[in-house]
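K.L.:
Every number in the working numbering is 4 more than the matching position in the sequence shown, counting from 1. Beta carbons are placed, not taken as given, at the ideal position from N, Cα and C, and that holds for glycine. Submitted below is the structure of interest, expressed as structure tokens.
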Amino acid sequence: MKLAVVAIGKSGRGPEATMAADYAERATLAGRALGLGPLELVDLDPRRPGKAPEAELLLKAAEGAHLIACDERGKTYSSRAFAEHLALLRDRGERRVVFAVGGADGLDESVRDAAASTLAFGPQTWPHALARAMLAEQIYRAVTILAGSPYHRD
5 MKLAVVAIGK SGRGPEATMA ADYAERATLA GRALGLGPLE LVDLDPRRPG
55 KAPEAELLLK AAEGAHLIAC DERGKTYSSR AFAEHLALLR DRGERRVVFA
105 VGGADGLDES VRDAAASTLA FGPQTWPHAL ARAMLAEQIY RAVTILAGSP
155 YHRD
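So this is what it looks like as structure tokens:
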């Protein structure tokens, strides 16, 4: 099952972008044997400002995929529950999962409505570059949990 973090805006060249890329590579390498990956990081740059143009890009990038909207109103998961959710999606035959990260104003309602599920990082608001890195790390952590690796400790 292919995985993608599709986000509005540029990740930049800072430490958050480096961290996200590192965890995406780790998840890709570790997930191969489990049928998870590759994990792709996709930055979208809308030509027009606003949530509606951002939504168009996100929904187009997620066409045909199981869309997970990353939203503060979404569902929170423990790391183990998140791993189980990804395994369930893989085992029921999903071919591609896309995690949508909105712009500075969040996700348009149309993206939340189109999403098959949601994911929240808790009630706090996080910078988008950091949210990408946190999500990539959690995907890597999920892969290691499913592989039985000692990376995750309860």
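Among the candidates 137, 148, 143 and 144, whose CA atom is the shortest distance from the CA of residue 19?
P.N.:
Within the sequence shown, residue 19 is the residue found at index 15, counting from 1. The candidate whose alpha carbon is nearest that of residue 19 is 137.
K.L.:
So the candidates are 50, 41, 60 and 78; which of them puts its Cα closest to the Cα of residue 120?
P.N.:
As a position in the sequence shown, residue 120 is number 116, starting the count at 1. That would be 78, whose Cα lies nearest to the Cα of residue 120.
K.L.:
For residue 156, which residues from the same chain have a beta carbon less than 7 Å from its beta carbon, with the 5 sequence-adjacent residues on both sides left out?
P.N.:
Taking the sequence shown and counting its residues from 1, the one referred to as residue 156 is at position 152. Contacts found: 83, 145, 148 and 149.
K.L.:
Kindly identify the DSSP beta-bridge partner or partners of residue 38.
P.N.:
Residue 38 sits at position 34 when you count from the first residue of the sequence shown. According to DSSP, which records beta bridges pairwise, residue 38 is partnered with nothing at all.
K.L.:
Which residue from 152, 140, 93 and 63 puts its Cα closest to that of residue 45?
P.N.:
What you label residue 45 is simply residue 41 of the sequence shown in a count that begins at 1. Comparing Cα positions, the closest option is 140.
K.L.:
Residue 107 to residue 37, Cα distance in whole Å?
P.N.:
The residue labelled residue 107 in the question sits at position 103 within the sequence shown. The residue labelled residue 37 in the question sits at position 33 within the sequence shown. So the two alpha carbons sit approximately 33 Å from each other.
K.L.:
When DSSP labels each residue in this structure, what does residue 47 get in the three-state scheme?
P.N.:
By 1-based counting over the sequence shown, the position of residue 47 is 43. Of the three classes helix, strand and coil, the one that applies to residue 47 here is strand, per DSSP.
K.L.:
Using a Cβ distance threshold of 8 Å, determine whether the region 46-64 contacts the region 87-100, with at least three qualifying pairs required.
P.N.:
no
K.L.:
Identify, in the order they occur along the chain, each residue of the same chain with its Cβ nearer than 6 Å to the Cβ of residue 100, setting aside the five sequence neighbours on each side.
P.N.:
The residue you call residue 100 lines up with position 96 of the sequence shown. Correct list, in chain order: 6 and 69.
K.L.:
Taking the Cβ atom as the reference point for each residue, do residue 15 and residue 8 lie within a distance shorter than 9 Å?
P.N.:
In the sequence shown, counting from the first residue as 1, residue 15 sits at position 11. In the sequence shown, counting from the first residue as 1, residue 8 sits at position 4. Contact flag unset, no.
K.L.:
For the candidate residues 103, 23, 57 and 113, whose alpha-carbon lies nearest to that of residue 125?
P.N.:
Taking the first residue of the sequence shown as position 1, residue 125 is located at position 121. Among 103, 23, 57 and 113, the Cα nearest to that of residue 125 is on 103.
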